[in-house]
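Presented below is the structure to which this report refers.
Numbering (our numbering), first residue to last: 309 to 642.
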């Protein structure tokens, strides 16, 4: 198939594009290569994709309405994996307009392209951050997600609502994937794995928020990619048993679905740091700090829905995943 992958120079987008290419698909990768983090890492990921004859890169901003409309018109994509977004919970406290441009306007241009050109299936990135103030563990798609604690989370919840509108009004099949703390080779340098690895390697004090009591459902990138591909292959056709009298928040009469993708094995932050220190063969001082504004205290994914519908089964334990990550980290940074 001919598949558009937005955010192809990003962490998850790169891995998904590579998997699709290895599976024989034609991939058009879109990215604006913004400077939220070092562009050199994004360019290095693209260099890994460049040898594939079935890959073509398009540098384009999602908020460019005319450019996006022309891209969809010219390429006639069969399916779309939308992973581009302005990421980062804490950055949303500093630069909120970037989230409106990319995560709201940008998502709308993707929806419009899919609608007008009869895309078979749109799979898009949501986030575990939508669970916000919810304290029920593990997080289930049946839980209420009306209390986000960051603007980033609010835009991801908005994406789910926007997608439902297009599924309901236009019959566009859409699937939202709530990712849980993804890590692995080629990861984002603003996220904890690389920040921690830098600090431990350089012997610098490590800032540990919430006094290290955070629990995160760390999910290795290969398991995330498996879930994305399985979801892409399963086109939702609507839930005939859905009722507005007792509505299921994760499905609809329309061809719309939302799933968690996680490891379903949360790990305390201090334990995660201990494992990383062991993999690096070094230790460093920890500066224990309070919870930061916008942070969710714990994440823990209930993935039974995705397992039931697609056969998804995360396989990578935290020890194995960190060993793979550190091997890549040393090859790229050290």
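We put the CB at the ideal spot given by N, CA and C, even for glycine.
In three-state DSSP terms, what is residue 593? coil
Opening and closing residue of the beta strand (DSSP E) in which residue 568 lies: 564-569
Exposure of residue 452, with buried meaning 16 or more beta-carbon neighbours within 10 Å: exposed
For the beta strand (DSSP E) holding residue 502, just list the boundary residues, first then last. Careful: residue 502 lies outside any beta strand (DSSP E), inside the alpha helix (DSSP H) at 500-510.
Provide the residue span of the alpha helix (DSSP H) that contains residue 352, from first to last. 347-357
Taking the alpha-carbon positions, what's the residue 481 to residue 562 distance? 8 Å
Could you work out which residue in 541, 576, 502 is closest to residue 483 when comparing CA atoms only? 541
Which residues in the same chain have their Cβ closer than 7 Å to the Cβ of residue 583, if we skip the five residues on either side of it in sequence? 626, 627, 630
Tell me which residues share the same chain as residue 618 and place their Cβ nearer than 6 Å to its Cβ, disregarding the 5 neighbours each side in the sequence. 538, 542
Quick one: grab the DSSP three-state call for residue 415. helix
Of the residues 412, 528, 560, 471, the one placed nearest residue 431, counting alpha carbons only: 471
Taking the CB atoms as reference points, tell me whether residue 522 and residue 603 lie closer together than 9 Å. yes
Excluding the five sequence neighbours on either side, which residues of its own chain have a C-beta within less than 7 Å of the C-beta of residue 587, listed in chain order? 630, 631, 634
Best match in 499, 589, 641 for proximity to residue 577 [C-alpha to C-alpha]: 499
Span of the beta strand (DSSP E) around residue 337: 334-339
With a threshold of 8 Å, are at least 3 pairs of Cβ atoms found where one atom belongs to the stretch 332-352 and the other to the stretch 312-319? yes
Helix, strand or coil at residue 313 according to DSSP, with G and I counted as helix: strand
Using the three-state DSSP reduction, which class does residue 387 fall into: helix, strand or coil? strand
Would you list the one or two residues that DSSP bridges to residue 431? 389, 483
Between which residues of its own chain and residue 614 is the CB-CB distance below 8 Å, once the five residues before and five after are set aside? 535, 538, 539, 567, 568, 569, 620
So, at 8 Å on beta carbons, what are the nonlocal neighbours of residue 435 in its own chain, with the 5 sequence-adjacent residues on each side left out? 460, 461, 464, 486, 487
What do you reckon, are the CB atoms on residue 624 and residue 528 nearer than 9 Å? yes
In whole angstroms, what separates the C-alpha of residue 341 from that of residue 547? 38 Å
Quick check: what's the CA-CA separation for residue 609 versus residue 446? 5 Å
Which residue's Cα is closest to the Cα of residue 356: 337, 369, 343, 441? 337
DSSP puts residue 514 in a beta bridge; with which residues? 594
Report, in whole angstroms, the separation of the C-beta atoms of residue 518 and residue 605, which I expect to be a contact under 8 Å. 6 Å
Would you report the Cα separation of residue 553 and residue 565, rounded to the nearest angstrom? 18 Å
Say whether the stretch 359-366 touches the stretch 387-404, bearing in mind that this needs 3 or more beta-carbon pairs closer than 8 Å, one atom from each stretch. no
Between which two residues does the beta strand (DSSP E) harbouring residue 364 extend? 363-367
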